[in-house]
Each structure stands twice: as C-alpha cells, then as structure tokens.
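A.B. asks: Keeping their order, the protein sequence lines are chains A and B.
Okay, so the first sequence: first residue is 1 according to our numbering, each after it adds one.
Okay, so the second sequence: first residue is 349 according to our numbering, each after it adds one.
Note that CB positions come from ideal geometry on N, CA and C, so glycine has one too.
Quick one: the structure is below, and I'll ask about it shortly.
Number of protein chains: 2
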Amino acid sequence: MPKHGLRSLDFLRGRVELPHGSGGRATAQLIDELFLRHFHSEQLAQGHDAAVWSPPSGRLAVSTDCFVVSPLFFPGGCIGDLAVHGSVNDVAMAGAVPHSLTVGFVLEEGFPLCDLERIVQAMASACQCAGVSVVSGDTKVVERGKADGVFVCTTCLGTVPRGINISPTRARPGDVILVSGPVGDHGIAILSQRQGIAFDCDVVSDTAPLATLVAAMLAVEPDLHVLRDPTRGGVAATLNEIALHAQVGVVLDEAKLPVRKVVRAACELLGIDPLHLACEGRLLAICPPESATQVLKAMQAHPQGQDAQAIGMVIPPQGLQCFVELQTTFGGRRIVDWPAGEQLPRIC
Amino acid sequence: MPKHGLRSLDFLRGRVELPHGSGGRATAQLIDELFLRHFHSEQLAQGHDAAVWSPPSGRLAVSTDCFVVSPLFFPGGCIGDLAVHGSVNDVAMAGAVPHSLTVGFVLEEGFPLCDLERIVQAMASACQCAGVSVVSGDTKVVERGKADGVFVCTTCLGTVPRGINISPTRARPGDVILVSGPVGDHGIAILSQRQGIAFDCDVVSDTAPLATLVAAMLAVEPDLHVLRDPTRGGVAATLNEIALHAQVGVVLDEAKLPVRKVVRAACELLGIDPLHLACEGRLLAICPPESATQVLKAMQAHPQGQDAQAIGMVIPPQGLQCFVELQTTFGGRRIVDWPAGEQLPRIC
C-alpha cells in the first residue's frame, strides 16, 4: 500500500521510530494504518486539525487525565482501556452521558508496534462499550530512554441531562454513602504484577466504564448529591476531598465495606490500608436517605454494581474539622486520613 | 498554610516528588498552591472530577495535542505557551472561537518546582491572551529517568460561528494560498538552542495564538476554504496533506515565500528545506481568488499577519497525482515533498 511511499507497517516485529512523530510521511502512515483503522469516527474522517460537530444539547461535561501506569499490561486490562474508562468515568461522575474522546500518545522510540496495536485495540473496544467516539488525536515520539514505553492522555466530553445537579459540595448530614463494589482490586492487581507477588488467587483490575450504572441510578433518583470514582488515593482521599468541599464529616462502617479476601490479605502483607488503594471501575455515591435503598437496589441490578453496599453516612463537621472516620469491626473509631506519602506510584 | 498538613511548597529550591502524583495530600497541595493559583476558572473552582458548564451555542470544535519539545525553554517561549497556542490554533483553524482548555502534565520526579511554575505562568498568560479558560487538568509523576522533565497535553474546545465551513477538502483549482508571516522561525529557534549553534542574530520562535487573526480574516471573507497552521512537517507536509484530501495540486512561488534571512542561512548551513520547518504561530489560508486581496489586506492589518504574503495557487491534479510544486527563483520547478525522515525530533 504505497499511499505514503512507504512499505506497510510491520505489526509483528516493527517498532516505534522517531519519524513516526515527525509530522511527515511516517506519521501519516501510522495514523492511517493504526489509528484510523481502529478508531472510526465521522470527526476523524474530516482530516482536520480540529474535529467539528454538534454535540447533544445540554450542559457540557469535560474531564482530562494522563495515564502512566506501570506495567502497561496488567491482569484485567492495559493502559489503553484504563485511559478510556478513566476519562469516561470522570464525566459520568458529573451525571453526564459521555459521547466523545480525544487521545494523545507520547511514545518512546523502540516501543514494539505490536504492543501499541494491542493498546489501541483495547482503547477502541473500551470506546465502543462506553459509547464514545474518538474525535481527535495526537502522537509524539521521544528518544529511547526519555519516556517509559507509552503515556496516554485522554479527554472525555459528555452532556449532562436536564435536572441533574451532582456536585461534591452537595453532601449533607444524613446522606447515605454507597459503594458500587469491592475496593482495591485495581491497586493490588498492579502491585502484584509490578512486584511479582503471587497471591492465592489472582486479583484482576476492576477497570470498567461506569456511565450506564450512573444512568440506572439517576433513573431511580435524579437528585443524587455526589458521585465520585475513588481512583488515585482511593476511598480515603475521595471522601476526605468531598468532606472538605462540602464542609461535613463522614463516618464509615468497616463491617460493610466490601473488600475481597485476597485483597485484604495482600493489604495486610504489604501494610497498606485498602481505603488508600485505587479503584478504576467503582464509584461512591452520596444520596439522600429517603432514596438510598432504592438506589442501592438499582446498583445491585446492574452488572457493574452487583456487590454494591451502603458503607456509611455523612455527619455534621466536628467542630471545624471535616474528618472521615471509620467505625471498626472491633467497635472502635479511627480517623481515615489521606494517603500521606507515595505508596503506589504509577497506579494509573 | 497547613490546609494540607504540609509546609507550603518551596518554589525556589523545591522539586517534583512522587507523592505529588499520588492523589493524596501532596497532590492536593500542588493543585491548590500552583495550578489553582494561576489557572482561575469557574469550572476548576467546582472541584469536580469533570467540569460542567454551558458553552456558547453552535457547532463544537475540539483538538488535542501532546507537547514534548526539547529544550523546554527556548528563545521566544517555552513548552507552556507552546502547548496553549498549539491547541488553541488547531481549533482556530476550523474557524472556531476557542473558549476552554484542558491541561495534562506528566512530570519527572526531581523536576525543579521553579521551572514548573514558570511553565504554568506562561500557560496562564497564554490562556489569557487567547481568551480561553482552563476547565480541567491532571498531573502524573513518574520516577527519575522515566520521562524528560515535563510533557504537556492540552485539549482546546471552541465554537464555530454560523455560516463558517472550513475544511481541508474545500481547496479548489484557482484558489489562492496565503501565509501569515515568515516560515521556519520556530524550527530554527529550537534547533539553534538544542545544538548550540550561534547565528548572526537570534532567531525567536513564532509561537503565538492565531484566533483573532482568523476572526479578522473571516470578517472580510466568511467563505475561506481552508485554514491550517504549518506545525510539525512545516508548509510542505501541510500542503501535501491538503492536496491529498482535496485531490488537487499546489504550486508555490519561491520568490514570494517569506523566510527571514537568518533562517534561510541556518537552513543552508544545516541542509534543511525551510518548507519542512515547523511554525507555531503562522497559518496558511486557501481562499477564493475573488477575495484573496481583501483577505491579505486584513491579515497585514493584524499584528500576527503583518508580513503576510500570497505564495501560490491551487491547481488541478496532474494525472492522478496531487503534487505540491515550487516555482524556484531561478525559473525552474521542483516537487515539494513531505519531510521524509526525522530531521527535527521534539520540535513541539
């Protein structure tokens, strides 16, 4: 296919080379033979510097994320689907219906084209599952040793349906805190892979798109107060952030918190609090007490929320402090702090 | 300011550390003390995973770019303003009015906070000039040696005014090709800095926002056919791409092509074709012959287009070939090919 005057890319043995990022023939070839082949969209077909289209009417929701996860491939996913789910979920956490995605790659010279193709394939099928189209992209290549294989940056756009008003400031004392499934799977999946730790049974990342789960929840309670996916920093950082924004306290019930046995065992072994572990396919919902049971049922009826649980409550701030507390299974209470140092670099 | 229970960031001697990317206290501190201090916007103040707002009505234009320029600071700019201008200009090339920007950073552990602050300051003032707000952002940190200082990924959103229909497929035989100023300044500025080549007088990058120039051009000719900024791959790659998309040929007049003396001299020294050099603040316009003179005047009346020139014409394809040709000052003709290899890695 000498459209670019070059031999077709060799996706078996080929590698990323500096000219793939130069803006010349090799770049055009990589776009045609890899990206356009997997990412089909009306907007990419325009061949324009910018995509132009009319999105569904309503308020726009936009979120951007960079992904530097290491290793690039892990049990349950890879940097590709993780990057799609990550941005799609952030938009879903505003109650929006995600529709469009932009994708930027920073590639290291010498990276195998077969791995890049696997990543792009994973992105394409994650996009299809999540109902988003890739509308714009960019690729840069840096010299060997100046990056670590592949970094991905995604930006997701969605539209917020009328009447939805989800915001971290809306948590009110009395609200119920729901979680959509067991926490910490992603964190332990990455860690076990990275450090070569073997557990009794394999832990698989929870990476998944959450927009249809959110839609199912909003169908029974359009007035959900807060939604958040507890990624980096885990449930601990997410709830501390919300507490600070809304000027409230939070109390969690340890007995209700879903954590898989193997994840709990790994946490004990590694000295990590499961509340500090990143999830990539779970959400926290803060919901008026009147509708909590109904919302929980709607979650449990959805494939992404089968193991959903009510795990705690929003309480008034204690003095001027917006604490997150945990009622332990032994009847005590302890503060759930932000993760302090860098326990888990490059978790996403 | 013990909001995060940490001492304030030291922007004189401090460095980026892994915890700045962990999603814990240190991340929250970096966001508050650096990003929120420089990037003010209603959307960032929401403290949400996604920004939610109602953009101006009309078709949406979106473009994403990654920036890996080396060195990070160069005569006339840095990776920060370059990253803002790059995405803003791509949106402007669709005839859109840019309004919003997302920003992703991949930082290398150990990168000086003072340099990061300079970059963020440059971004903030470039955003102000270009009339865009930062609505969403993300920061990741990788270990020392796993990146090269800073990579930036920006996505710009804009709105296309009614009646504007700019597309690379709309170039028609007879259309006039205009350039907004001298080409190649950015490419030579980077190269001279990188290779320590000294020229008679300093070459400064042309990095600049082009949206108001585009608005001035559209005011006199709403039916501009094509707009493109000749970044990576330069004028040569840009016109070859357009020729291919529109199935036309292009002929350029070398005598009319504005290239600064010092840039021409550097090109001769380095054996580079100025048509292959990246510009980061120039545009090419392809415009109906009837209005070309008027559009050119409007460009020359704008600060970003003072040295604008008509440099060539669109012609019918020759056989099945969509060539870009150059009529040389010596009366000959030569093919202007895509840049073939990697002459200038990490130019943007």
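Would you say L12 of chain A reaches chain B, if we count a Cβ-Cβ gap shorter than 7 Å as a contact?
C.D. replies: no
A.B. asks: Step through the CB atoms of chain A and report whether any lies within less than 7 Å of the CB of S473 of chain B.
C.D. replies: Output row for S473 of chain B: interface = no.
A.B. asks: When DSSP labels each residue in this structure, what does P274 of chain A get in the three-state scheme?
C.D. replies: helix
A.B. asks: Considering only residues of the same chain and omitting the five flanking positions on each side of T238 of chain A, which have a CB-CB separation below 7 Å?
C.D. replies: R228, P230, L284
A.B. asks: Within its chain, find whatever has a CB closer than 7 Å to the CB of D202 of chain A; leave out the 5 residues flanking it on each side and keep chain order.
C.D. replies: P75
A.B. asks: What separation, rounded to the nearest whole angstrom, lies between the Cα atoms of G680 of chain B and R542 of chain B?
C.D. replies: Cα to Cα, G680 of chain B sits roughly 34 Å from R542 of chain B.
A.B. asks: Given a threshold of 16 other Cβ atoms within 10 Å of its Cβ, counted over all protein chains shown, does T329 of chain A qualify as buried or as exposed?
C.D. replies: exposed
A.B. asks: Give me the Cα-Cα distance between T64 of chain A and D429 of chain B, rounded to the nearest whole angstrom.
C.D. replies: 19 Å
A.B. asks: Does the beta carbon of R7 of chain A come closer than 7 Å to any beta carbon on chain B?
C.D. replies: Output row for R7 of chain A: interface = no.
A.B. asks: Between T169 of chain A and A219 of chain A, is the Cβ-Cβ spacing less than 7 Å?
C.D. replies: Result no, Cβ atoms of T169 of chain A and A219 of chain A do not sit closer than 7 Å.
A.B. asks: Should G90 of chain A go down as buried or exposed, given a rule of 16 or more other Cβ atoms within 10 Å for buried?
C.D. replies: Per the sequence presented here, residue 90 of chain A reads as Asp, with Gly not at that position. That one is buried.
A.B. asks: Hey, quick one: how far does the alpha helix (DSSP H) through S87 of chain A stretch, first residue to last?
C.D. replies: 79-92
A.B. asks: Cα separation between R407 of chain B and R59 of chain A?
C.D. replies: 14 Å
A.B. asks: Mind checking if P403 of chain B is an interface residue toward chain A, Cβ cutoff 7 Å exclusive?
C.D. replies: yes
A.B. asks: By the three-class DSSP mapping on this structure, what secondary structure does D202 of chain A have?
C.D. replies: coil
A.B. asks: Looking only at its chain, what residues have a beta carbon closer than 6 Å to the beta carbon of F11 of chain A, apart from the 5 residues adjacent to it on each side?
C.D. replies: L113, C114, E117
A.B. asks: Residues in its own chain within less than 6 Å of I315 of chain A by CB, not counting five upstream and five downstream?
C.D. replies: P173, G249, V251
A.B. asks: Which residue marks the beginning of the beta strand (DSSP E) containing V684 of chain B, and which one marks its end?
C.D. replies: Looking at the DSSP string, V684 of chain B is not in any beta strand (DSSP E), and its letter there is neither H nor E.
A.B. asks: Identify which residue in B:C635, B:H368, B:A409 has its Cα closest to the Cα of E457 of chain B.
C.D. replies: B:H368
A.B. asks: So D115 of chain A is in the alpha helix (DSSP H); what residue range does that whole segment cover?
C.D. replies: Unbroken alpha helix (DSSP H) run through D115 of chain A: 113-130.
A.B. asks: If you measure between the beta carbons of S370 of chain B and R694 of chain B, is that distance less than 7 Å?
C.D. replies: no
A.B. asks: If you draw a straight line from the C-alpha of G434 of chain B to the C-alpha of D533 of chain B, how long is it?
C.D. replies: So the alpha carbons of these two residues sit roughly 15 Å apart.
A.B. asks: Which stretch, first to last residue, makes up the beta strand (DSSP E) that contains L505 of chain B?
C.D. replies: That run of the beta strand (DSSP E) goes 498-508.
A.B. asks: If you compare alpha carbons, which of B:A470, B:D655, B:C414, B:T503 is closest to V607 of chain B?
C.D. replies: When C-alpha distances from V607 of chain B are compared across B:A470, B:D655, B:C414, B:T503, the shortest belongs to B:D655.
A.B. asks: Quick check: the Cα distance between A26 of chain A and G667 of chain B, rounded to an integer number of angstroms?
C.D. replies: 25 Å
A.B. asks: Let me see if you follow: with CB-CB separation under 7 Å, is H593 of chain B close to chain A or not?
C.D. replies: At least one CB of chain A lies nearer than 7 Å to the CB of H593 of chain B.
A.B. asks: Quick check on L617 of chain B: buried or exposed, where buried means 16 or more other Cβ atoms within 10 Å of its Cβ?
C.D. replies: exposed
A.B. asks: Starting from D571 of chain B, follow the alpha helix (DSSP H) in both directions and report where the run begins and ends.
C.D. replies: Where D571 of chain B is concerned, there is no enclosing alpha helix (DSSP H), given that its DSSP letter is neither H nor E.
A.B. asks: Can you look up L178 of chain A in the DSSP assignment and give me helix, strand or coil?
C.D. replies: strand
A.B. asks: Tell me whether T450 of chain B is buried or exposed, calling it buried when 16 or more other Cβ atoms sit within 10 Å of its Cβ.
C.D. replies: So T450 of chain B counts as buried.
A.B. asks: Along chain B, in chain order, which residues have C-beta atoms closer than 8 Å to that of M93 of chain A?
C.D. replies: Neighbours of M93 of chain A on chain B, chain order: H396, D397, A398.
A.B. asks: List the endpoints of the continuous alpha helix (DSSP H) containing R194 of chain A.
C.D. replies: 185-195
A.B. asks: Let's see if you can read the secondary structure: which residues bound the beta strand (DSSP E) around A658 of chain B?
C.D. replies: 657-663
A.B. asks: Got a sec, what are the start and stop residues for the alpha helix (DSSP H) Q327 of chain A sits in?
C.D. replies: No alpha helix (DSSP H) contains Q327 of chain A, which is instead part of the beta strand (DSSP E) from 324-327.
A.B. asks: So, do the stretch 386-405 of chain B and the stretch 493-501 of chain B have three or more beta carbon pairs nearer to each other than 8 Å?
C.D. replies: no
A.B. asks: Of the residues that make up the stretch 182-197 of chain A, which ones have a beta carbon closer than 8 Å to any beta carbon in chain B?
C.D. replies: Listed by position, the residues of the stretch 182-197 of chain A near chain B (Cβ gap below 8 Å) amount to none.
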